[in-house]
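I have placed the structure first, in the form of structure tokens, so that the comments after it can refer back to it.
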Amino acid sequence: MKLLVKNIKKLVQIEDMPKTWVAGSDMKELPSIDDAYLYIYDGLFADFGPMSSCPDHPDAEVVDATGCMVFPSFCDSHTHLVYAGSREIEYVDKIRGLSYEEIAKRGGGILNSAERLRAASEDELFESAMERINEIVSLGTGAVEVKSGYGLSTESELKMLRVIRRIRSESPITVKSTFLGAHAVPMEYRGRQSEYVDLIVKEMIPQVAAENLADYIDVFCDKGFFTVEETERMLEAAAKYGLRPKIHANELALSGGIQLGVKHSALSVDHLEFTGEEEIASLLDSTTMATLLPGAAFFLGMDYPPARKMIDAGLPVALASDYNPGSSPSGDMKFILSLACVKMRMVPEEAINAATINSAYAMGLSGTHGSISRGKIANFFITKPIPSYEYMPYAYTQKLVDRVFLNGKRI
Ligand code: NIG
Ligand code: FE
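Reminder that position 187 of the sequence shown reads as 187 in UniProt numbering, one-by-one numbering, no gaps.
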């Protein structure tokens, strides 16, 4: 299968030498070629360059992109898109003034989703998650990380992870799977939190590993959820099975989660609304990606993470949607770009780097995804005709992702 995309107004985020991530002031650079071609062979990017040197590929299918830009697909490194049922009632409660923690204490929040998920069949969960997958694919996402965490019992966590495995085998999108048994303490363990941690350590982690159902382990390490000590126990247990952490940290308080993530070589620490100098210092010189989820801060009406401070200190940052029914019911990465620009003062180049190459790193895919680079998986989209790449975050409600390709094939 050969594909030649011609007359591309701008080919965005090209890479000659693969890099692991883009950090600090380098995030303002977005390597691109004007009036370009892109050649795809066998599902991989094979070649690209200016139209003036476009080789003849007589046997390739030709796609004309006059007036349009080509981007590598977005990488969405943090979602909870397997769930049963929406939670718009809590949304209204929030508008009326209840806090996230107050809603959680009343058995709402994550526990509400857990109750519904336990009652749903694997097939029902798969069908509804696939609708969300198809939606995000049409919005330009080409790789997604999906977490468990609404099961909160061994049986239901395994059920969620099997749904994620099925998505991986039946959809052309690249999928990474994360075990998040420690998302909340389930009702039946109320007041016995350490026993629930025992269950995760002694039963859930070994079974998840035995069935090879997860790439990573996550813990909601924050005020009112799991402590640093509990998180450490779970990360240590998971490390024995080779599960690297990607943790929810510092969404609700300066909880120590960022430093703990760095200590355990987490691939990413995510949320980070509460990040001070010490947290930034610990992330510098680490291999942990600071992943920001502005969709959650937007939806919950909370303060945004200090992206400017982080980037100015020299850190790389990634962006993800956090697609979930409680704090971010959207997987639209283009809207995430707009929020990053308007609310966190990231310039469009920084936001695009954060949503592509850096987010690919945050899900262990920087060798194969996140940029237009020879040998990488040909996941990309062609925009509608647009004047500039800055127009993507600027026109924040326009659907500008037009033609989507995964593994070199039109979707
Ligand atoms: O990433 N912060 C913890 N977990 C999710 C929220 C999940 C929910 O409310 O259902 C998040 O925002
Ligand atoms: Fe999350």
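Every residue gets a Cβ at the ideal spot worked out from N, C-alpha and C, and that includes glycine.
Cβ-heavy atom distance, residue i to ligand 2, below 7 Å
| i | result |
| --- | --- |
| D322 | yes |
| H369 | no |
| H78 | yes |
| H264 | no |
| A248 | The sequence shown places His at residue 248, not Ala. Yes, since a heavy atom of ligand 2 falls inside the 7 Å radius drawn around the Cβ of H248. |
Given residue i as reference, the closest of the options once Cα atoms are compared
| i | options | result |
| --- | --- | --- |
| T287 | G301, M302 and Q259 | Q259 |
| V70 | A36, P348 and A313 | A36 |
| T141 | P348, A249 and A320 | A320 |
| K28 | F381, A378 and I352 | I352 |
| E124 | Y83, L267 and H264 | Y83 |
| A290 | F298, F299, A297 and E279 | E279 |
| L406 | S153, V208, S171 and E188 | S171 |
| T178 | P245, E122 and V63 | P245 |
| A281 | A266, L293, L315 and S268 | L315 |
| G181 | V137, A143 and H248 | H248 |
| F335 | E61, N7 and F299 | F299 |
| I372 | V22, T20, F48 and S25 | F48 |
| P31 | Y41, Q13, I40 and Y39 | Q13 |
| K223 | T231, S255 and M204 | S255 |
| G276 | A266, A253, D285 and G295 | A253 |
| G257 | Y323, D218, L44 and A238 | D218 |
| S268 | H78, T368 and V63 | H78 |
| A378 | E349, L44, L283 and S128 | L44 |
| K235 | L81, A210, V262 and L3 | Per the sequence presented here, residue 235 reads as Leu, with Lys not at that position. L235 has its Cα closest to that of V262, out of L81, A210, V262 and L3. |
| residue 440 | Q207, P387, K384 and D26 | This structure does not reach residue 440, given that the chain is present from 1 up to 411, and the question cannot be answered. |
| S327 | A65, A60 and E88 | E88 |
| L292 | P58, L272, M130 and K409 | L272 |
| I136 | E101, T66, T174 and A266 | T174 |
| I8 | A23, Y39 and T227 | Y39 |
| G331 | F74, M204, D59 and S194 | F74 |
| T215 | V144, S338 and M1 | Correcting the residue identity first, residue 215 is Asp in this sequence and not Thr. Nearest C-alpha to D215: V144. |
| M1 | P325, D76, E61 and E15 | E61 |
| V228 | S194, D285, D34 and K384 | S194 |
| E102 | P72, L339 and F225 | F225 |
| G85 | A65, Y41 and R132 | R132 |
| residue 412 | T231, E350 and A318 | The structure shown has nothing for residue 412, since the chain only spans 1 to 411. |
Ligand 1 heavy atom lying under 7 Å from the CB of residue i
| i | result |
| --- | --- |
| P72 | no |
| E230 | no |
| F298 | no |
| G326 | yes |
| S177 | no |
| F217 | Looking at the sequence itself, residue 217 is Ile, so the reference to Phe does not match. No, the Cβ of I217 stays beyond 7 Å of every heavy atom of ligand 1. |
| F335 | no |
| I110 | yes |
| S148 | no |
| F226 | no |
| F274 | no |
| S171 | no |
| H183 | yes |
| E251 | yes |
| S113 | yes |
| F220 | yes |
Within-8 Å CB hit, residue i to chain C
| i | result |
| --- | --- |
| G326 | As a matter of chain content, chain C is missing from the structure shown, which is built from one protein chain. |
Would the stretch 343 to 355 and the stretch 295 to 307 be scored as touching if the rule is three or more Cβ pairs under 8 Å?
Contact between the stretch 343 to 355 and the stretch 295 to 307 is present, with at least three C-beta pairs closer than 8 Å.
Could I get the ranges of all uninterrupted alpha helix (DSSP H) runs contained in the stretch 102 to 153, with 4 residues as the minimum, in chain order?
Within the stretch 102 to 153, the complete alpha helix (DSSP H) runs of at least 4 residues fall at 110 to 119 and 122 to 138.
Note down, one range per segment and in chain order, each beta strand (DSSP E) of at least 3 residues found wholly within the stretch 218 to 290.
Taking only runs of at least 3 residues, the beta strand (DSSP E) segments lying wholly in the stretch 218 to 290 are 244 to 249 and 268 to 271.
Taking three-plus beta-carbon pairs below 8 Å as touching, is the stretch 116 to 124 in contact with the stretch 356 to 370?
no
What beta strand (DSSP E) runs, 3 residues minimum, are completely inside the stretch 295 to 377?
317 to 319
Measuring CB atoms only, is the stretch 190 to 205 touching the stretch 160 to 178, in the sense that at least three cross pairs come out at less than 8 Å?
Result no; under three Cβ-Cβ pairs closer than 8 Å.
If we count Cβ pairs, one from each stretch, closer than 8 Å, do we get three or more for the stretch 50 to 59 versus the stretch 364 to 371?
no
Per the contact definition of three or more C-beta pairs closer than 8 Å, is the stretch 150 to 163 in contact with the stretch 91 to 107?
no
Determine, using beta-carbon pairs with one atom in the stretch 393 to 404 and one in the stretch 184 to 191, whether at least three such pairs fall under 8 Å.
In this structure the stretch 393 to 404 does not touch the stretch 184 to 191; the number of beta carbon pairs closer than 8 Å is below three.
Could you name each continuous beta strand (DSSP E) segment of 3 residues or more that falls completely within the stretch 151 to 184, going from the start of the chain to the end?
174 to 182
Output the residue ranges of the beta strand (DSSP E) runs that lie fully inside the stretch 44 to 85 and measure 3 residues or longer, sorted by chain position.
44 to 50, 61 to 64, 69 to 72 and 74 to 79
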